[in-house]
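Colleague: Structure in structure tokens, see below.
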Amino acid sequence: MALGGPGPDDAILARGLVKTYGRERALDGFDLRVPRGVVWGLLGPNGAGKTTAVRTLATLLALQEGEARVAGVDVRADPQGVRRRIGLSGQTAAVDEILGGRQNLVLFGRLGRLGRRDAAARADELLERFGLVEAAGKPVKKYSGGMRRRLDLAVTLLFRPEVLFLDEPTTGLDPRNRGEVWAAIRQLVADGTTVLLTTQYLDEADQLAAGISVMDHGRVIAEGRPDELKRRVGGDRLEVTVVDPADLDRARAAIARWADEAPQVDVDLKQVSAPVSDRVGAVSAVLAELGDSGIRIDDLALRRPTLDDVFLTLTGHSADTAAAESDPTDAREVVA
Ligand code: ATP
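Now the structure itself:
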């Protein structure tokens with residue numbers, strides 16, 4: 040792909056990772072290459088193996104088969120060396136509720152290897168960076184969800200990790216707080232950190248990730264830039280909503296003549312949809328044909344493929360909550 044072949048500069052390089060739980064193969068020939076200085080999205084349906092992959096790369100799980108290097112260090116030969124160079128941040132912040140944000144940062148800094156003065160200086164720098172200066176003295180239990188996640192990120196960054204594993208960093212946050220966390224992640228990458236991001240929100244990967252690896256059944260089944268993956272699903276989708284459900288069959292037959300694949304019919308939505316490569320040609324031809332056949336339509340739209348379409352096509356599963364979370368008006372281009 041456009042980011043070039045594997046090289047010594049890769050932040051993460053994994054080849055043929057296998058992890059079994061009894062007869063269950065949580066990782067089954069997992070390969071991953073993440074260049075330095077980018078956000079890389081690791082996506083997959085529930086149970087695909089994302090957490091197992093991240094925990095293995097972060098040395099929390101032993102490497103059974105295969106090889107991996109993280110931040111240039113061999114995971115099997117030198118797990119301690121890997122640990123010194125990485126950060127790992129989950130959905131729930133491990134910070135103390137009663138202490139303020141600054142006290143937490145100083146405490147974690149001191150628990151690590153920072154001296155008193157260094158811990159204080161680093162705490163102030165991170166509070167500034169994550170927009171937490173005003174809330175620095177407030178007990179964490181009074182923080183909003185977004186503030187807590189930002190503090191959690193700040194704690195993870197105390198020791199300047201080269202590679203940061205972020206496991207669903209915005210799950211459960213409202214859109215404004217998600218936006219704040221996204222801004223913080225962008226800032227990290229601007230500072231040179233590499234981020235491996237697992238997320239259920241495909242729009243999050245779309246917004247942040249330079250590249251995406253889609254996992255299913257313990258291995259990567261597709262990867263590329265978000266726009267490349269979307270292109271792979273095919274062209275735009277033509278969606279026609281009819282007034283009378285009795286017309287659905289005839290509408291499907293009319294659309295089939297202009298579609299790249301057999302149209303899908305959604306009886307509840309009274310909608311027929313199909314991928315079309317010739318956008319304008321398909322719209323005018325379908326409109327004319329439906330008009331000639333006396334089929335009344337309620338709506339006709341061209342929708343660009345979303346990562347959810349990519350997901351569905353590749354894995355046969357929808358990305359759960361992602362479809363509900365993303366705003367469909369963003370992707371819809373109403374033409375009639
Ligand atoms: P989710 O999105 O639900 O977190 P995931 O992609 O992170 O899923 P994993 O948690 O890595 O998937 O799980 C991959 C597979 O391994 C699943 O089938 C899961 O049931 C199994 N698995 C994970 N951890 C264990 C464990 N400790 N013991 C037994 N099976 C496990």
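In the working numbering, the protein residues as written are 40 to 375.
By construction, the Cβ of each residue, glycine as well, lies at the ideal position given by its N, Cα and C atoms.
Treat the numbers as computed from the prediction; the structure is a model and nothing was measured.
1) If I measure Cβ to Cβ from Gln246 and keep anything under 8 Å in the same chain, skipping five residues before and after, which residues do I get?
2) Pick helix, strand or coil for Gln246, following the three-state DSSP scheme.
3) I need the DSSP call for Gly263, collapsed to helix, strand or coil.
4) Checking the sheet assignment: what are the DSSP bridge partners for Tyr60?
5) Anything with a beta carbon under 6 Å from a heavy atom of the ligand ATP counts; list them all in chain order.
6) Would you kindly report the start and end of the unbroken beta strand (DSSP E) that includes Glu106?
7) So, using beta-carbon positions, are Gly88 and Met254 closer together than 9 Å?
8) Return the Cβ separation of Ala301 and Ala295 in integer angstroms, given the expectation that the two are a contact with Cβ distance under 8 Å.
9) Tell me whether the beta-carbon of Asp191 lies closer than 9 Å to the beta-carbon of Val134.
10) Bridge partners for Gly126 per DSSP, in chain order?
11) Thr233 by DSSP, collapsed to three states: which one?
12) Can Ala97 be considered in contact with the ligand HEM, in the sense that its beta carbon sits closer than 8 Å to one or more heavy atoms?
13) Alpha carbon to alpha carbon, how far is Ser183 from Ser128? Give it in angstroms, no decimals.
14) Is there contact between the segment 202-218 and the segment 234-242, where contact requires at least three CB pairs shorter than 8 Å?
15) Give the secondary structure of Gln239 by DSSP, where H, G and I count as helix, E and B as strand, and everything else as coil.
16) Please name the residue in Asp286, Asp305 and Asp266 whose C-alpha comes closest to that of Ile334.
17) Can you give the Cα-Cα distance for Arg115 and Leu56, rounded to whole angstroms?
18) Determine the closest residue to Ala65 out of Leu52, Leu102, Arg199 and Val281, with distance taken between C-alpha atoms.
19) Near Glu328, which residues of its chain fall below 8 Å by C-beta distance, leaving aside the five closest residues on each side in sequence?
20) Do you know whose CA, among Glu267, Gly80 and Arg168, lies nearest Leu227's CA?
21) Just mark Asp251 as buried or exposed, buried being the case when its beta carbon has 16 or more other beta carbons within 10 Å.
22) Nearest by alpha-carbon distance to Val306: which of Val78, Leu326 and Glu278 is it?
23) Return the first residue and the last residue of the alpha helix (DSSP H) that Ile294 is part of.
24) Can you give me the start and stop residues for the alpha helix (DSSP H) that Ser323 sits inside?
25) Does the Cβ-Cβ distance between Val311 and Val281 come in under 9 Å?
26) Report the CB separation of Leu165 from Leu196 in whole angstroms; it is logged as a contact under 8 Å.
27) Is it buried or exposed, Pro214, if we count other Cβ atoms within 10 angstroms and call 16 or more buried?
28) Pull up the distance between the alpha-carbon of Gly288 and that of Thr210, whole angstroms please.
29) Can you give the Cα-Cα distance for Leu346 and Asn216, rounded to whole angstroms?
30) If you scan the segment 138-209 from start to end, which runs of the alpha helix (DSSP H) of 4 or more residues do you find wholly inside it?
31) If you draw a straight line from the C-alpha of Gly176 to the C-alpha of Arg124, how long is it?
32) On the CB-based measure, 16 or more other CB atoms within 10 Å of its CB, does Pro284 come out buried or exposed?
33) Going by DSSP, which residues form a beta bridge with Glu278?
34) Provide the residue span of the beta strand (DSSP E) that contains Asp213, from first to last.
Modeller: Let me lay it out:
1) The beta carbon of Gln246 sits closer than 8 Å to those of Trp221, all from its chain and outside the five residues before and after it, given in chain order.
2) Note: Gln246 maps to helix in three-state DSSP.
3) Residue state for Gly263 is assigned as strand, using DSSP reduced to three classes.
4) Bridge partners of Tyr60: Glu63.
5) Result: Tyr60, Glu63, Ala65, Gly83, Asn85, Gly86, Ala87, Gly88, Lys89, Thr90 and Thr91.
6) Element bounds for Glu106: Glu104 to Val109.
7) Yes, the Cβ-Cβ distance between Gly88 and Met254 is below 9 Å.
8) Yes, Ala301 and Ala295 are in contact; Cβ-Cβ is about 7 Å, under 8 Å.
9) Yes, these two residues count as a Cβ contact at 9 Å.
10) Note: Gly126 sits in a beta bridge opposite Leu203.
11) It is a strand residue.
12) Among the ligands present in this structure, namely the ligand ATP, the ligand HEM is not found.
13) Taking the straight line from one Cα to the other gives about 18 Å.
14) By the Cβ test, the segment 202-218 is in contact with the segment 234-242, since at least three Cβ pairs between them sit closer than 8 Å.
15) Coil.
16) Residue nearest to Ile334 within the set Asp286, Asp305 and Asp266 is Asp286 (criterion: CA-CA distance).
17) Going by C-alpha positions, Arg115 is about 12 Å away from Leu56.
18) That would be Leu102, whose Cα lies nearest to the Cα of Ala65.
19) Cβ within range, chain order: Ala293 and Arg296.
20) The residue among Glu267, Gly80 and Arg168 with its C-alpha nearest the C-alpha of Leu227 is Arg168.
21) The amino acid at residue 251 is misidentified as Asp; the sequence shows Ile. When all chains shown are included, Ile251 counts as buried.
22) Of all alpha-carbon atoms in Val78, Leu326 and Glu278, the one lying nearest the alpha-carbon of Val306 is that of Glu278.
23) Per DSSP, Ile294 belongs to the alpha helix (DSSP H) from Leu287 to Ala295.
24) Segment Arg318 to Asp331, the alpha helix (DSSP H) holding Ser323.
25) Result yes, Cβ atoms of Val311 and Val281 sit closer than 9 Å.
26) With 8 Å as the limit, Leu165 and Leu196 qualify as a contact, their Cβ atoms being about 6 Å apart.
27) By the Cβ-count criterion, Pro214 is exposed, with fewer than 16 other Cβ atoms from all chains shown falling within 10 Å of its own Cβ.
28) Note that residue 288 is Asp in the sequence shown here, rather than Gly. So the two alpha carbons sit approximately 40 Å from each other.
29) Whole-angstrom Cα-Cα distance: 22 Å.
30) Here the runs fully enclosed are 140-150, 155-168 and 184-195.
31) So the alpha carbons of these two residues sit roughly 29 Å apart.
32) Answer is exposed; the Cβ neighbour count stays below 16.
33) The partner list for Glu278 (beta bridge, DSSP) reads Ser312 and Ala340.
34) Per DSSP, Asp213 lies in no beta strand (DSSP E) and is assigned neither H nor E.
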